[in-house]
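I have placed the structure first, in the form of structure tokens, so that the comments after it can refer back to it.
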Amino acid sequence: MTPAPDVVVIGAGVVGAACADALSAAGLRVTVLGRWFAEGAATGAGMGHIVVMDDSPPQLALTAWSRAKWAEWAPEMPADCEDVRTGTLWIAANEGEWGALEAKRRAYAAAGVASDVLDAAALAREEPNLRPGLAGALRVPDDRVLYPPAAARWLLERAAERGATVVEDLVRRIAPGEVVAEGARMFCGAIVNATGISAPRLTPGLAVIPRKGHLLITERHPGFCRHQLVELGYLASAHTMTAVSTAFNLQPRATGQLLIGSSRQLVGLDASIDRQVLAEMLARAIAFVPALARLTALRAWTGFRPATPDSLPLIGAWPGADRTFIAAGHEGLGITTAPATAAIIAALITGTRPPIDAAPFAPARAMPAMEAA
Amino acid sequence: MSAERTTLAAAMMNDGVTAFRTSVRGAARGPLCGMGICFECRVSASGAPHERSCLMPRAAGDSPRAEARSLECDVAVVGAGPAGLAAAARAAEAGKQVVMVDASPAPGGQIWRQGDGAAAPRAARAWLARIVRPNVRVLQHAEVIDAPSATTLLVATGDDTVRVHARAIVLATGARELFLPFPGWTLPNVLGVGGVQALAKNGLDVRGKRVVIAGSGPLLLPVAAYLASHGARLAIVAEQARPEMVRAFAISLWKDPARAAMAARMRAAFLRTPYRAGVWVSRADGDDRVREVTLTDGERSWREPCDLLACAFGLIPNTELARLMGAQVKRDGIVADGSQRTTVPGVYAAGECTGVGGAPLAIAEGEIAGLAAAGVTSAPSELLARRARERAFAVRVDSTFLLRGSLSTLAAPDTILCRCEDVTVGEVSAAESSREAKLRTRAGMGACQGRVCGAAMEYLFHWKPAEPRAPLFPASVGALAARDERAR
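Chains as they are written, first to last, in my numbering: chain A, 367 to 739; chain B, -10 to 477.
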């Protein structure tokens, strides 16, 4: 009989894959239960924008540390991960947004994250397809873009090379030291619940709710834009828990295709395309980049971000359940922050010091109430 | 011959162009389907990239535009082939306001395609005349890209969109060819069987061209006859079905003298060319285009030089719109009851999209659907009898032209399966579902949205095709940004 694993990681999206990678690198016997291509999961649906976010000091620390890790991994990643250092342009639509732009630059600088301000003329030179009359942008040159399902698969394969086992199975319930899946019952040292929007199913009481998003991808139009383009107003859209919001977010893919976002909705798990929200999102993108209107749209889809009431992920031990750890609730930043999440989880399980302060991410912290629509 | 119906694709091929586009991995590609399905004939036209040249008139710059943003009607008919024309005519003659939506430059569908090389046959002309009425409006070069509700269609016409609001909708979306991968099938000038015919009817000059037809089903005969009578040098017509089945089917035609006479007439048009059952393609070879094809009868293989290879393995119903609308669909087509009603109230389906059965069946179903959609509750018994007779014939056709199992083993691991994204059979076969294959290899993520490779994967690996989503066909971002003023 094979020995019981030290850790069972539940969920094979990018967060679970990164946890398996970090735990196996720490010398632990790891079993992963899940499918990296799971239907409806954020890894298969998301944009894959590796971005430093400054909306709160813990988020800044988590995203900055993680982005550095992705950059370190980049030379090893296979070509199908489609990793490109595009940089991000945070676009100020009008003079009124200069203040916010400058505050953002200072916050990045304090954290050692490089950025520089582009005035209107420089912005037009960098991205000629943006409409004239925009005030300027903050360029964050080290942000990147990758293809999340391939990156998750690469992390899983790396863990497997170190002896981790990956099993496609659906976990029914967990108890300390015990995992009951459809295919097997398993005993283990520790458990990591990395199942994104499904996390509360295994750990009742977790404050994770699905926040739906729409994305649309175009035909190949190489050279149409070079940076990931995001409106400065994006943060307001991302961090205000309204029923529906859209923000301009345009991503050049390695293939020459363009990915257009973004929308946020609290509508439960209805995965159907909301035509009005999609239209609003595209109209907003066209308002920033008029030439988008004539490009050919290939496909649109939806996905669910695992959101939390205070917009920070849940990373750490779950009180009351011995050796049970949570790595979930990353909302739209799961791809970006998977490396730091995994490093914190690995440190907590092996009893070493996490690379960044993990206290703000404690899964049972006090949080504002949030109602699903 | 009038030049107005020559498509850009046909004109380019006549000019000797073989490389219409460069694939993801840099290979030259040309038209395959000839009917707007495969997206292999994309070119930049009138300043817009990624346009399907098989749907564009040769004269550029006259991309049709809709005048209205929104149309109201009693009955909307999607598709202007035999079923759609019959449905539209019957509904209009019952006094209803009808809007027809059709992707081609002219009505007729695939079988009654009108073009330079083709005047529509007599039956077609009669139906085409019946829709020329003040209460029928036909949107050509128009594609349904979404159905926001069971009474609304979002239609893309050029860069514009029109919302068609209808009390009833008849789906007459027809069928497309089943393409199965084999080594060399991505070479320029390897086309579908219906694909060659579509291009020829729209102006492709086949005079003196050496053509091999290899495939399956009743379609081979009219295409062979058409190409031969238009000056092509047919090398062979290879039918993959078993010879004894085809023989028995031919003998059974004596019960149907009209059909027997038509088959004899078609066969007479290419009498000097062998028609061989139990023969199929195993590979194609060439350089900038196909030069020869290897055929086999399972024991012996031989090569046939050719300029064009017409190859497809029968027809499969177009059910994407029906599935998007939530109608029940089985493998052989959209589920419809005796009145051609789908499982979605107010939505009807007729013709090949409900099960492949030929134009006469499509007409009967279209007439019944058109009457029902117009609120005529009882269809004439003659019509019901005609439909029953044609369905019985369709069953005989189906059982005759069964695809042999060895067709699923033609492809080598390095044979392209997904033509849009250049993904090989070997890469895809590592996956266990179409979704896994898609996320792992990009198979099915391209412009044809899996219409070509999805059907092949279903055949090769028995994978369920992905659920269709809007936009059903690639459409401009601007078209999808248009808001519905009536909603919310």
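Every residue, glycine too, gets a C-beta built ideally from N, C-alpha and C.
Output the boundary residues of the alpha helix (DSSP H) element that contains residue i.
i	result
I701(A)	G700 to T716
L406(B)	Element bounds for L406(B): not the alpha helix (DSSP H) but the beta strand (DSSP E), I405 to C407.
L304(B)	Here L304(B) belongs to no alpha helix (DSSP H); instead the beta strand (DSSP E) covers L304 to P306.
R471(A)	W464 to A476
W667(A)	No alpha helix (DSSP H) holds W667(A); the beta strand (DSSP E) holding it covers T662 to A673.
D274(B)	D274(B) -> not in any alpha helix (DSSP H); beta strand (DSSP E) instead, spanning W269 to G275.
M45(B)	Segment: none, M45(B) is in no alpha helix (DSSP H) and carries neither H nor E.
D485(A)	From DSSP, D485(A) is part of no alpha helix (DSSP H) but of the beta strand (DSSP E) over D482 to D485.
C300(B)	Careful: C300(B) lies outside any alpha helix (DSSP H), inside the beta strand (DSSP E) at L297 to A301.
E416(B)	V414 to V417
T430(B)	S423 to T430
F450(B)	C442 to F450
Taking Cβ positions, are residue i and residue j nearer each other than 9 angstroms?
i	j	result
Q86(B)	V121(B)	no
V479(B)	G23(B)	Since the first residue of chain B shown is -10 and the last is 477, residue 479(B) is not available in this structure.
G382(A)	A693(A)	yes
P94(B)	R(-6)(B)	yes
A252(B)	A239(B)	yes
A299(B)	V182(B)	yes
A339(B)	A83(B)	no
P460(B)	R665(A)	yes
V483(A)	G502(A)	yes
L389(A)	V558(A)	yes
L536(A)	E523(A)	no
L568(A)	A384(A)	no
P656(A)	R497(A)	yes
S628(A)	H580(A)	yes
Determine, using beta carbons only, whether residue i comes closer than 9 angstroms to chain B.
i	result
A384(A)	no
H587(A)	yes
A516(A)	yes
T569(A)	no
Over the uninterrupted beta strand (DSSP E) stretch that includes residue i, give me the two end residues.
i	result
E61(B)	S59 to V67
P294(B)	S290 to P294
Q631(A)	L624 to Q631
E379(B)	Counting along the chain, E379(B) falls outside any beta strand (DSSP E), though it belongs to the alpha helix (DSSP H) covering S370 to T389.
V479(A)	First-last for V479(A): undefined, no H or E at that position.
I457(A)	T454 to A458
Quick one: does residue i have its CB under 9 angstroms from some CB of chain A?
i	result
Q317(B)	no
A16(B)	no
A55(B)	Any reading at A55(B) is ruled out, since the residue's pLDDT is 49, under 50, leaving its predicted position unreliable.
M434(B)	yes
A34(B)	no
G443(B)	no
P469(B)	Residue identity check: residue 469(B) is Leu in the sequence provided, not Pro. Yes, L469(B) lies at the interface with chain A (some Cβ there is under 9 angstroms from its Cβ).
A459(B)	yes
G50(B)	Because the pLDDT at G50(B) is just 46, under 50, the model does not fix this residue reliably, and the value given afterwards should be weighed accordingly. No - not a single Cβ of chain A is within 9 angstroms of the one on G50(B).
A(-2)(B)	no
P38(B)	yes
L44(B)	no
E29(B)	no
L74(B)	no
R472(B)	yes
Below 8 angstroms on the Cβ atoms is my contact criterion, and I expect residue i with residue j to pass it. Report the Cβ-Cβ distance as a whole number of Å.
i	j	result
W269(B)	A224(B)	Not really, about 15 angstroms apart at Cβ, beyond 8 angstroms.
M89(B)	A113(B)	That pair is no contact at about 15 angstroms.
A383(B)	G347(B)	7 angstroms
G344(B)	S205(B)	Contact flag wrong, Cβ pair sits at about 17 angstroms.
R586(A)	G562(A)	30 angstroms between Cβ atoms; not a contact.
A78(B)	G359(B)	7 angstroms
L176(B)	R278(B)	6 angstroms
L624(A)	F590(A)	6 angstroms
I457(A)	L595(A)	6 angstroms
A659(A)	V151(B)	Their Cβ separation, rounded to whole angstroms, is 17 angstroms, which puts A659(A) and V151(B) out of contact at 8 angstroms.
I134(B)	A145(B)	5 angstroms
With respect to 8 angstroms, is the separation between the Cβ of residue i and the closest non-hydrogen atom of the ligand ATP below this value?
i	result
D286(B)	Ligands are entirely absent from the displayed structure, and the ligand ATP is therefore not among its contents.
Extract the residue ranges of the alpha helix (DSSP H) inside the region 127 to 162 of chain B, only unbroken runs of 4 or more that lie entirely within it. none
Residue ranges of each alpha helix (DSSP H) run of no fewer than 4 residues wholly in the region 544 to 615 of chain A, ordered along the chain? 565 to 568 and 600 to 605
Scan the region 163 to 239 of chain B and note each continuous alpha helix (DSSP H) run of 4 residues or more that stays entirely inside, going in chain order. 182 to 190 and 209 to 218
Ignoring anything shorter than 4 residues, give me the alpha helix (DSSP H) runs that lie fully in the region 507 to 548 of chain A, in order along the chain. 514 to 527
In chain order, each beta strand (DSSP E) run of at least 3 residues that lies wholly inside the region 83 to 119 of chain B: 87 to 90
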